[in-house]
Amino acid sequence: MRNFSKGLAVFAVAASLFSGTALATETIKTVVIDGYPARALWVKEFTGFFIPEVDKRLAATGNYKMEWQESYGGSIVKPKGVLEGIKFGLGDIGIVTTIFHSSKLPSQALAAVTPFVTTDARAVAKAIDEIAREFPAMQNEFAKQNQVYLATGVVLDTYQVFSSKEVASPSDLKGSKIAGAGMNLRYLEGLEDAAGVRGGLTDFYSMLQTGLVDQALLWPEAAKTFKIAEVAPYMLQADLGAVNSKTVTANADYWKKLPDEVKTVLKDVSILYRDHLSGLAMERAQASREAYVAAGGKIVEVGEEDRKAWAMAMPNVAAEWASTLNKNGEAGDDMLRAYLDKLKAAGYSGVRDWASGN
Numbered sequence: 001m002r003n004f005s006k007g008l009a010v011f012a013v014a015a016s017l018f019s020g021t022a023l024a025t026e027t028i029k030t031v032v033i034d035g036y037p038a039r040a041l042w043v044k045e046f047t048g049f050f051i052p053e054v055d056k057r058l059a060a061t062g063n064y065k066m067e068w069q070e071s072y073g074g075s076i077v078k079p080k081g082v083l084e085g086i087k088f089g090l091g092d093i094g095i096v097t098t099i100f101h102s103s104k105l106p107s108q109a110l111a112a113v114t115p116f117v118t119t120d121a122r123a124v125a126k127a128i129d130e131i132a133r134e135f136p137a138m139q140n141e142f143a144k145q146n147q148v149y150l151a152t153g154v155v156l157d158t159y160q161v162f163s164s165k166e167v168a169s170p171s172d173l174k175g176s177k178i179a180g181a182g183m184n185l186r187y188l189e190g191l192e193d194a195a196g197v198r199g200g201l202t203d204f205y206s207m208l209q210t211g212l213v214d215q216a217l218l219w220p221e222a223a224k225t226f227k228i229a230e231v232a233p234y235m236l237q238a239d240l241g242a243v244n245s246k247t248v249t250a251n252a253d254y255w256k257k258l259p260d261e262v263k264t265v266l267k268d269v270s271i272l273y274r275d276h277l278s279g280l281a282m283e284r285a286q287a288s289r290e291a292y293v294a295a296g297g298k299i300v301e302v303g304e305e306d307r308k309a310w311a312m313a314m315p316n317v318a319a320e321w322a323s324t325l326n327k328n329g330e331a332g333d334d335m336l337r338a339y340l341d342k343l344k345a346a347g348y349s350g351v352r353d354w355a356s357g358n
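The sequence shown begins at 1 in the UniProt record's numbering and counts up by one.
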């Protein structure tokens with residue numbers, strides 16, 4: 001009887017300890033925002049990869065649990081409103097489309113100001129993220145927006161030119177109205193009499209359909225997702241290059257309140273998400289081109305000489321970018337050279353040396 005009582009006592013203590021551990025799990029409410037719809041690749045993978053990975057890692061210790069509220073597709077902010085939404089606490093974590101904010105986030109344009117170098121999304125994502133950690137500029141810019149930089153997102157293998165009318169080479173774009181966003185509109189300065197028309201990814205279909213523009217700059221996976229072949233059945237494969245256009249950030253006030261364990265998990269998973277996303281972009285690139293053709297599209301390849309001629313006809317937007325950062329007290333020249341050196345080490349040198357000043 002005495003042994004039975006001891007057994008009960010031990011069981012009670014163990015049960016009490018287990019109960020105490022379970023009750024100690026702290027729930028952290030987190031609102032995630034993006035203005036793009038849930039079907040957009042980076043949003044879909046935030047739901048399907050980022051969140052489950054965070055949950056899995058936190059569950060391993062049992063100290064914390066996230067209660068996620070995902071708000072996409074304009075339910076809280078429009079695509080251009082994520083930066084401000086996170087700044088003012090409308091969301092705790094967001095996927096900022098950086099190309100909309102060239103004046104507030106100038107350093108984020110680094111890959112965009114170096115076109116015609118590489119279509120390898122993985123190399124660009126890694127290089128940009130390393131630059132963000134080796135130089136303070138990118139983190140400083142987000143800090144001014146009351147945000148903490150977590151990781152870069154590259155969701156496209158390369159910008160291409162999608163046209164509503166038949167084109168055979170860049171020279172056929174003479175006098176055209178071409179939709180784009182952010183820095184890629186500067187690429188058009190290398191084309192005779194081409195006029196850039198600012199727009200967002202969700203606007204391009206209607207802009208092409210109504211004849212507001214003749215062409216649009218976007219990438220094959222997005223063309224597939226938004227059924228661009230219906231209104232622009234010709235793709236000029238100029239391989240303008242992969243660029244970073246997304247950044248995962250957290251509201252700084254929200255971040256300060258997070259336990260260190262949760263911060264570490266979010267940082268680590270952000271890097272995994274970066275690599276996962278760029279890997280998917282590469283995996284889906286060829287399949288997306290095939291889907292474009294299957295939907296009625298025709299792909300026209302641009303020769304290396306035409307690509308070089310286009311690049312050389314452009315102003316040196318990279319040198320302009322570096323000069324602007326230098327004036328802001330950042331190491332623009334060093335960032336530019338370091339980035340291109342990272343790509344060169346990965347096997348990519350491009351058709352123009354943007355750091356040469358020529």
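Quick reminder that beta carbons are idealized off the backbone N, C-alpha and C, glycines included.
query                                                                                                                                                                      : result
Quick one: what's Tyr187 bridged to in DSSP?                                                                                                                               : In the DSSP output, where bridge partners are listed per residue, Tyr187 has none listed.
Any idea what DSSP makes of Gln69, helix, strand or coil?                                                                                                                  : strand
With residue 360 as the anchor, note down where its alpha helix (DSSP H) starts and where it stops.                                                                        : Look at the range of the chain in this structure, 1 to 358, and you will see that residue 360 is not part of it.
Looking at the unbroken beta strand (DSSP E) that takes in Tyr205, where does it start and where does it end?                                                              : That residue, Tyr205, is in no beta strand (DSSP E); its alpha helix (DSSP H) goes Phe204 to Gln209.
Does DSSP put Thr21 in a helix, in a strand, or in coil?                                                                                                                   : Confidence is the limiting factor: at Thr21 the pLDDT is only 45, short of 50, which leaves the residue's position unreliable and the question unanswerable from this model.
So, is Thr118 buried or exposed, given that buried needs 16 or more other C-beta atoms within 10 angstroms?                                                                : buried
If you pair each beta-carbon of the stretch 215 to 233 with each one of the stretch 46 to 55, do three or more pairs fall below 8 Å?                                       : no
In angstroms, rounded to a whole number, what distance separates the CA positions of Asn244 and Ala125?                                                                    : 7 Å
Considering only their Cβ atoms, is the gap separating Ala216 from Leu156 smaller than 8 Å?                                                                                : no
Could you give the uninterrupted runs of the alpha helix (DSSP H) lying entirely in the stretch 226 to 282, keeping only those of 4 residues or more?                      : 252 to 257
Below 8 Å on the Cβ atoms is my guess for Gly85 versus Gly94; work out the distance and round it to an integer in Å.                                                       : 6 Å
Check whether the stretch 96 to 106 touches the stretch 175 to 183, taking contact to mean three or more Cβ pairs, one atom from each stretch, closer than 8 Å.            : yes
Tell me whether the beta-carbon of Leu325 lies closer than 8 Å to the beta-carbon of Met335.                                                                               : yes
Identify which residue in Ala38, Ala252 and Val167 has its Cα closest to the Cα of Phe88.                                                                                  : Ala252
Tell me where the alpha helix (DSSP H) around Tyr339 begins and ends.                                                                                                      : Gly332 to Ala345
Tell me which residue opens and which closes the beta strand (DSSP E) that Ser163 is part of.                                                                              : Gln160 to Ser163
Give the straight-line distance between the Cα atoms of Asn140 and Glu304, rounded to the nearest whole angstrom.                                                          : 38 Å
From Ile228 to Asn63, what distance separates their C-alpha atoms?                                                                                                         : 47 Å
Leaving out five residues before and five after Gly357 in sequence, what residues of the same chain have Cβ atoms less than 8 Å from its Cβ?                               : Asn316 and Ala319
Pick helix, strand or coil for Lys87, following the three-state DSSP scheme.                                                                                               : helix
Quick test of the definition: if touching needs 3 or more C-beta pairs under 8 Å, does the stretch 159 to 179 touch the stretch 266 to 277?                                : no
Please specify which runs of the alpha helix (DSSP H), each continuous and at least 4 residues long, are wholly inside the stretch 110 to 151, giving them in chain order. : 121 to 134 and 137 to 144
Using only alpha-carbon positions, find the residue among Tyr339, Gln108, Glu130 and Glu166 that is nearest to Met138.                                                     : Gln108
By Cβ distance below 7 Å, which residues in the same chain neighbour Ser169 in space, the five residues on each side in sequence not counted?                              : Val302 and Asp306
Ala232 to Thr202, Cα distance in whole Å?                                                                                                                                  : 15 Å
Our contact map puts Asp92 next to Thr30 with C-beta atoms below 8 Å; I'd like the distance itself, whole angstroms only.                                                  : 5 Å
How far does the beta strand (DSSP E) with Val300 in it reach, from first residue to last?                                                                                 : Lys298 to Glu301
What are the boundary residues of the alpha helix (DSSP H) that includes Arg58?                                                                                            : Correcting the residue type first, residue 58 is Leu in the shown sequence and not Arg. Its alpha helix (DSSP H) spans residues Ile51 to Thr61.
Once you ignore the five residues that flank Thr61 on each side, which residues in its own chain have a CB closer than 6 Å to its CB?                                      : none
Would you give the residue range spanned by the beta strand (DSSP E) that Val31 belongs to?                                                                                : Glu26 to Ile33
Pop quiz: Phe135 and Met235 are said to be a contact at Cβ under 8 Å. What is the actual Cβ separation, rounded to whole angstroms?                                        : 36 Å between Cβ atoms; not a contact.
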